[in-house]
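S.K.:
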Amino acid sequence: MELTMRGLWTLVHGMGFGALYMLACSGAIVELTRFTTSRAMPATPGAERFLKVYLIAMVVLAWSAVLTGTYVVYPWYRAVPPPGTVDLAGFPQRLLLASAATSGWHSLGMEWKEHVAWFVPIAITMVAYVFIRYGRDLRNHRQLRAGVLGFTLVSFLAAGVAGFFGAMIDKVAPVQGGEIVHLSRGETK
Amino acid sequence: MLAAAIGCFAVAVLALAGDKSAAIKSSLNFYRPTGPLSGVTTVAIVIWLVVWVLLGWRWRRRTVAAGRVIVAALVLLGLGLLLTFPPIADVF
Chain Y
1121 MELTMRGLWT LVHGMGFGAL YMLACSGAIV ELTRFTTSRA MPATPGAERF
1171 LKVYLIAMVV LAWSAVLTGT YVVYPWYRAV PPPGTVDLAG FPQRLLLASA
1221 ATSGWHSLGM EWKEHVAWFV PIAITMVAYV FIRYGRDLRN HRQLRAGVLG
1271 FTLVSFLAAG VAGFFGAMID KVAPVQGGEI VHLSRGETK
Chain L
7 MLAAAIGCFA VAVLALAGDK SAAIKSSLNF YRPTGPLSGV TTVAIVIWLV
57 VWVLLGWRWR RRTVAAGRVI VAALVLLGLG LLLTFPPIAD VF
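Protein chains in written order, with this note's numbering: chain Y, 1121 to 1309; chain L, 7 to 98.
1) Label Met-1230/Y either buried or exposed according to how many other C-beta atoms from any shown protein chain fall within 10 Å of its C-beta, with 16 as the threshold for buried.
2) From Arg-1159/Y to Tyr-1174/Y, what distance separates their C-alpha atoms?
3) State the DSSP-derived secondary structure class of Glu-1122/Y, mapped to helix, strand or coil.
4) Jot down the residue ranges of each uninterrupted alpha helix (DSSP H) in the segment 21-98 of chain L, minimum 4 residues, whole runs only, in chain order.
5) Against chain L, which members of the segment 1229-1253 of chain Y pass a CB distance test of less than 8 Å?
6) Would Ala-9/L and Leu-83/L qualify as a contact pair, given that the criterion is a beta-carbon distance under 9 Å?
7) Using 8 Å as the threshold, is the segment 1300-1309 of chain Y in touch with the segment 19-31 of chain L, meaning 3 or more CB pairs across them?
8) Check each candidate in Ala-1266/Y, Leu-1215/Y, Val-1179/Y and Val-1236/Y and name the one with the smallest Cα separation from Leu-88/L.
9) Spatial neighbours of Gly-1283/Y within its chain, please: C-beta separation below 8 Å, excluding the five flanking residues on both sides.
10) Would you say Ala-1221/Y reaches chain L, if we count a Cβ-Cβ gap shorter than 9 Å as a contact?
11) Can you list, in chain order, the residues of its chain whose CB lies under 8 Å from that of Leu-1123/Y, leaving out five sequence neighbours each side?
12) What does the alpha-carbon distance come out to for the pair Val-6/L and Met-1246/Y?
13) Hey, is the segment 1187-1205 of chain Y in contact with the segment 36-45 of chain L, meaning 3+ C-beta pairs nearer than 8 Å?
14) Is Ile-51/L close to chain Y? Criterion is C-beta to C-beta, closer than 9 Å.
15) Going by DSSP, what residue range makes up the alpha helix (DSSP H) through His-1235/Y?
16) Decide if the segment 1199-1208 of chain Y is in contact with the segment 1269-1281 of chain Y; the criterion is three or more beta carbon pairs, one per stretch, under 8 Å apart.
17) Could you please give the first and the last residue of the uninterrupted alpha helix (DSSP H) stretch that includes Tyr-1173/Y?
18) Excluding the 5 residues flanking Ser-1184/Y on each side, which residues of the same chain have their C-beta closer than 6 Å to its C-beta?
19) Listing by chain order, which chain L residues have their CB less than 9 Å from the CB of Ala-1266/Y?
20) State the start and end residues of the unbroken alpha helix (DSSP H) segment that holds Val-1301/Y.
21) What are the boundary residues of the alpha helix (DSSP H) that includes Thr-1153/Y?
22) Where does Asp-1290/Y land, buried or exposed, given buried means 16+ other C-beta within 10 angstroms?
23) My output table needs one value for His-1261/Y: the three-state DSSP class, helix, strand or coil.
24) Distance, Cα to Cα, Ala-1279/Y vs Asn-1260/Y?
25) From which residue to which residue does the alpha helix (DSSP H) around Trp-1225/Y run?
26) Among the residues of its own chain, which have a CB less than 8 Å from the CB of Ala-1209/Y, if the five just before and after it don't count?
27) Going by the beta-carbon positions, is the gap between Arg-1198/Y and Thr-40/L smaller than 9 Å?
28) Is the separation between the beta-carbon of Cys-14/L and that of Gly-86/L shorter than 9 Å?
29) Rounding to the nearest angstrom, what Cα-Cα distance links Glu-1234/Y and Ser-1227/Y in this structure?
30) First and last residue of the alpha helix (DSSP H) that includes Asp-1256/Y?
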C-alpha cells in the first residue's frame, strides 16, 4: 500500500480534519440542544467542562481543515501546467475544466466549497466563545441559545458542502504527486 | 455573534467582488500559490476580529437588544451563505 505525499495531505485535510469535524459537529448539535434546553438533563459542572473542551477541539479541527485546505492542498489543485502539457493528471483544476462533462465540479463545486468552508471556523469559534462565557446559564437566554444553535447548524451545513464537493472532486481529478509514501508491502498473486 | 456573521458575510462579498473586478482580484492575491482566496479569507478574518473587538468595547457597559442583534446576525449569515453559491453570485 502506498500513496503520494499530496494524496496523504489531501487525506489529512479531508478525512482527518474535515470528516472528524462533521462527526463532532453532529454530536455538538445534539449536546448543545440537550444541555441548553432539556430541563430533565442536569447541567453538572463536569458535563459543562466536557462540552467546553469538546467545542475547543472542534475549533482546532475547523481551523486545521481550512488552513491545510487553503494553503497546502489548494495550491496543488490550482497549479498551472507548463505550455504544451498534454497529460493534465498533475493539474486537477485544468483537468476538470478541459471537459464540459467535468467543468461543473470546478465552476460550481470548488468555487462554492473554497469560500463556504471558511464559514465553519468563524462560526464554531463564536459558538465555543459564547458557550465558554455563558456555560449552563445559556438555558436562561433563549434568543442567544437560538443564535448559537443556528450558527452550529450553519457550520455543519457548510462543512457538509465542503466535504461533499471535496470528496467528489478528488474522485474525478485527484490531487496526486510528490514523494511516494509506503504504508505496507503486500504480496503479488 | 454579529461580528462572526459580518466576517462570514465579508467572505462572500469579497469573493464576489474579486470575481467581478480584475483589479480587486489582483489586490487580493496575497499568496500567489493560493491566489485571491488568500486575500479574501485574510481580509474577512481581519474584519471579523476588528468588528468583534470594536463591538465588545462599545457594548461592554451597555444593554443591547439581543433579539434584534441575533436576528441581524442570522440574516447576514444566511445572505452570506446564499452569496457564496455560484449560481446566485453569477446573478450580480
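Note that the Cβ used here is the ideal one computed from N, Cα and C, for glycine as well.
Just so we're clear, the structure is a prediction, and the values are computed from it rather than from any experiment.
M.R.: The structure says:
1) By one-based count along the first sequence, residue 1230/Y stands at place 110. With 16 or more other Cβ atoms within 10 Å, it is buried.
2) On the first sequence, residue 1159/Y is found 39 positions in, with the first residue counted as 1. On the first sequence, residue 1174/Y is found 54 positions in, with the first residue counted as 1. If I take the Cα positions, the gap works out to 21 Å.
3) Residue numbering aside, residue 1122/Y sits at position 2 when the first sequence is read from its first letter. It is a strand residue.
4) You should have 28-33, 42-64, 72-90 and 92-95.
5) Residues of the segment 1229-1253 of chain Y with a C-beta atom less than 8 Å from some C-beta of chain L are Glu-1231, Trp-1232, Glu-1234, His-1235, Val-1236, Trp-1238, Phe-1239, Ile-1242, Ala-1243, Thr-1245, Met-1246 and Val-1250, listed in chain order.
6) In the second sequence, residue 9/L corresponds to position 3, counting from 1. In the second sequence, residue 83/L corresponds to position 77, counting from 1. Taking 9 Å as the Cβ cut-off, Ala-9/L and Leu-83/L do not qualify as a contacting pair.
7) No, because fewer than three Cβ pairs between the segment 1300-1309 of chain Y and the segment 19-31 of chain L fall closer than 8 Å, the two stretches do not touch.
8) Stepping through the second sequence from its first residue, residue 88/L is reached at position 82. Measuring from the Cα of Leu-88/L, the nearest candidate turns out to be Val-1236/Y.
9) The residue given as residue 1283/Y occupies position 163 in the first sequence. Same-chain partners within the cutoff: Gly-1134, Gly-1138, Ala-1139 and Met-1142.
10) Position 101 of the first sequence, counting from 1, holds the residue named residue 1221/Y. No, its Cβ sits nowhere closer than 9 Å to a Cβ of chain L.
11) Sequence index remark: in the first sequence, residue 1123/Y carries index 3 (1-based). Same-chain partners within the cutoff: Leu-1131, Ile-1300, Val-1301 and Leu-1303.
12) Lying outside 7 to 98, the shown extent of chain L, residue 6/L is not represented and no answer is given.
13) yes
14) What you label residue 51/L is simply residue 45 of the second sequence in a count that begins at 1. For Ile-51/L, the answer is yes, since a Cβ of chain Y falls inside 9 Å of its Cβ.
15) Here residue 1235/Y refers to the residue found at position 115 when the first sequence is read from its first residue. 1231-1236 is the extent of the alpha helix (DSSP H) around His-1235/Y.
16) no
17) Here the question's residue 1173/Y lines up with position 53 in the first sequence. The question names Tyr, yet the displayed sequence has Val at residue 1173/Y. Counted as a single uninterrupted DSSP element, the alpha helix (DSSP H) harbouring Val-1173/Y occupies residues 1165-1188.
18) Residue 1184/Y sits at position 64 when you count from the first residue of the first sequence. If we look at Ser-1184/Y and ignore the five residues flanking it on each side, its Cβ neighbours are Phe-1137.
19) Taking the first sequence and counting its residues from 1, one reaches residue 1266/Y at position 146. Ile-76 and Leu-80, listed in chain order.
20) Residue numbering aside, residue 1301/Y sits at position 181 when the first sequence is read from its first letter. Where Val-1301/Y is concerned, there is no enclosing alpha helix (DSSP H), although the beta strand (DSSP E) it sits in stretches over 1300-1302.
21) By one-based count along the first sequence, residue 1153/Y stands at place 33. Element bounds for Thr-1153/Y: 1139-1157.
22) Here residue 1290/Y refers to the residue found at position 170 when the first sequence is read from its first residue. So Asp-1290/Y ends up on the buried side.
23) As a working note, residue 1261/Y is residue 141 in the first sequence. In the structure shown, His-1261/Y sits in coil (DSSP, three-state: anything other than H, G, I, E or B).
24) Along the first sequence, read from residue 1 onward, the residue named residue 1279/Y stands at position 159. Along the first sequence, read from residue 1 onward, the residue named residue 1260/Y stands at position 140. In a straight line, the C-alpha of Ala-1279/Y is about 29 Å away from that of Asn-1260/Y.
25) Locating residue 1225/Y in the first sequence gives position 105, counting from the first residue. Segment: none, Trp-1225/Y is in no alpha helix (DSSP H) and carries neither H nor E.
26) For the purposes of this step, residue 1209/Y is taken as the residue at position 89 of the first sequence. Result list for Ala-1209/Y: Leu-1215 and Gln-1296, in chain order.
27) Indexing the first sequence from 1 puts residue 1198/Y at position 78. Indexing the second sequence from 1 puts residue 40/L at position 34. In contact: Arg-1198/Y and Thr-40/L (Cβ atoms closer than 9 Å).
28) In the second sequence, counting from the first residue as 1, residue 14/L sits at position 8. In the second sequence, counting from the first residue as 1, residue 86/L sits at position 80. In contact: Cys-14/L and Gly-86/L (Cβ atoms closer than 9 Å).
29) Within the first sequence, residue 1234/Y is the residue found at index 114, counting from 1. Within the first sequence, residue 1227/Y is the residue found at index 107, counting from 1. Per the coordinates, the alpha-carbon of Glu-1234/Y lies some 11 Å from the alpha-carbon of Ser-1227/Y.
30) Here residue 1256/Y refers to the residue found at position 136 when the first sequence is read from its first residue. The question names Asp, but residue 1256/Y in the sequence shown is Arg. No alpha helix (DSSP H) contains Arg-1256/Y, which DSSP labels as neither H nor E.
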